[in-house]
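In my numbering, the protein residues as written are 903 to 1320.
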């Protein structure tokens, strides 16, 4: 903790604000969202399709609108999108606890999703601008706060849930209301730290991002890493339930805790260790390789032994968390570098949109493959496919690094005016 505190204090106040902001965002989000499905189905009596619709609307409204949020941040500065997102989450979370008809629940879910699309690119762009040349260290520290919120949120939510789900929603909404006031007081009025976002129209901004070929290639190459990371929520719980029966639910909860704890405890050490030994491209390749190798123990482990399955699951989660911790700060720094310091939030928004689409398609493929291989009693094929995904991502990023396409573009000379 002392190391984290010293590291945090070494950054400017604006960067520290974004770290505290992200901790509170995740704390409030994860104290509510893990228990929302049970509330909708058990307490409100919604059908399974309706529960899926409410949850799906939130994900779609966030992933589909990241580009809009990033564009607004580049044009208006970070204050307005961050405040608007926090205020929208306040209203959305309050509604989720106090309404019971499906249209209102869908509206609340859409509001919470769009809120994330508003503040996520703005927070990361502002953090990058505040950190300057220390972006890798800043994003590593940021990820500690991010994961700590994920770790503590469900615990606090479970404690409040003993009283009432409405209390969970009210407290979560209250946290976002306080964050709205904090951003209003602390963030500067209208800086543009991310470049020339105010010049030209919105379509010109988007054309500038789409014309950035190295950035597009990097976005595509990294998509598989998000598919791999999401398996903590999909394939690993499926395996825990199939192989361990009734104990699978408790094991799944434990896996979430292990994943977040590894990142909280190891992020700064892993980043410092990687920076001393590897170039950014090499760190990305090694981290992606570790994420792919995380599924090897499950492919090799004997299904007949619950202990062996449990050990394989824990090993997979630890390797995924370690690989993700190595990748994340260098990945975020590479996005800024490839943007050339121009339209940084828009680049983040586009990047998140691409990764969100990849997660959706990857989950469909993983789920279908799991069902098929389970019928064949050959689930090792699912794990082999995920390992191959990690290898493909690492190979693609290595090729980009060797070709020099991960380096920051050279600044273009200004035209001479007679």
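Yeah, the Cβ is synthetic: ideal placement off N, Cα and C, and Gly gets one too.
Start-to-end residues for the alpha helix (DSSP H) that takes in residue 944 = Segment: none, residue 944 is in no alpha helix (DSSP H) and carries neither H nor E.
Residue 979 to residue 985, Cα distance in whole Å?
-> Going from the Cα of residue 979 to the Cα of residue 985 covers about 11 Å.
May I ask you to verify whether the region 960–977 touches the region 1264–1275, counting CB pairs closer than 8 Å and requiring at least 3?
-> no
Please classify residue 1235: does DSSP put it in a helix, a strand, or coil?
-> helix
Going straight from the alpha carbon of residue 965 to that of residue 943, what length do you get?
-> 24 Å
At least three beta-carbon pairs within less than 8 Å, the region 1158–1172 to the region 1217–1229 = yes
Which residue from 1293, 1032, 1043, 1279 puts its Cα closest to that of residue 1144?
-> 1279
Residue 1181 burial status per 10 Å Cβ neighbour count (16 or more: buried) = Residue 1181 comes out exposed.
Residue environment, residue 1235, which counts as buried when at least 16 other CB atoms sit within 10 Å | buried
What number of angstroms, rounded off, separates the C-alpha of residue 924 from the C-alpha of residue 1308?
-> A straight line joining the alpha-carbon of residue 924 with that of residue 1308 spans about 27 Å.
How about residue 998 and residue 1010: do their beta carbons lie closer than 8 Å?
-> yes
Cα-Cα, which of 1023, 1183, 904, 1176 is closest to residue 1304?
-> Checking every option, the nearest Cα to that of residue 1304 belongs to 1183.
C-beta contact flag for residue 1040 and residue 913 at 8 Å = yes
Please confirm whether residue 1043 and residue 996 have their CB atoms less than 8 Å apart.
-> no
CA-CA distance, residue 983 and residue 1028?
-> 11 Å
Where the alpha helix (DSSP H) through residue 1286 begins and ends = 1282–1304
Secondary structure of residue 1049, DSSP reduced to three states | helix
Within the region 1136–1215, note down every full alpha helix (DSSP H) run reaching 4 residues or more, in order along the chain.
-> 1137–1146, 1150–1179, 1182–1195, 1198–1202
Closest by CA to residue 1001, which one among 945, 1272, 1193, 1103?
-> 945
Could you have a look at residue 1225 and say whether DSSP puts it in helix, strand or coil?
-> helix
First through last residue of the alpha helix (DSSP H) which encompasses residue 1064 = First-last for residue 1064: undefined, no H or E at that position.
Round the Cβ separation of residue 1291 and residue 1194 to the nearest angstrom and send it over; I've been treating them as touching at under 8 Å.
-> That belief holds up - the Cβ atoms of residue 1291 and residue 1194 are roughly 7 Å apart, short of 8 Å.
Helix, strand or coil for residue 935 per DSSP?
-> Helix.
Grab me the residues of residue 1082's own chain with a C-beta within less than 8 Å of its C-beta, minus the 5 sequence neighbours each way, in chain order.
-> 985, 988, 989, 992
Nearest to residue 1175 (by Cα), restricted to the options 1167, 1068, 1228, 1199 = 1228
Given 8 Å, three or more beta-carbon pairs between the region 956–972 and the region 1247–1255 | yes
Quick one, are the C-beta atoms of residue 1260 and residue 1129 less than 8 Å apart?
-> yes
Identify whether residue 977 lies in helix, strand or coil by the three-state DSSP scheme.
-> Three-state DSSP puts residue 977 in a helix.
Under 6 Å Cβ to Cβ from residue 961, same chain only, skipping five residues before and after it: list those, please.
-> none
Give the C-beta separation of residue 1058 and residue 920 to the nearest angstrom, bearing in mind that I take them to be a contact with Cβ-Cβ under 8 Å.
-> About 22 Å separates the two Cβ atoms, so there is no contact after all.
Over the uninterrupted alpha helix (DSSP H) stretch that includes residue 913, give me the two end residues.
-> Where residue 913 is concerned, there is no enclosing alpha helix (DSSP H), given that its DSSP letter is neither H nor E.
Residue 1152 classed as buried or exposed, judged by whether at least 16 other C-beta atoms fall within 10 angstroms | exposed
Apart from the five residues just before and just after residue 1173, which ones in its own chain have a Cβ nearer than 8 Å to its Cβ?
-> 1038, 1039, 1042, 1227, 1228, 1231
Could you confirm whether any beta carbon from chain B is found closer than 8 Å to the beta carbon of residue 1136?
-> You won't find chain B in this structure, because it holds only one protein chain.
CA-CA distance, residue 1005 and residue 1035?
-> If I take the Cα positions, the gap works out to 47 Å.
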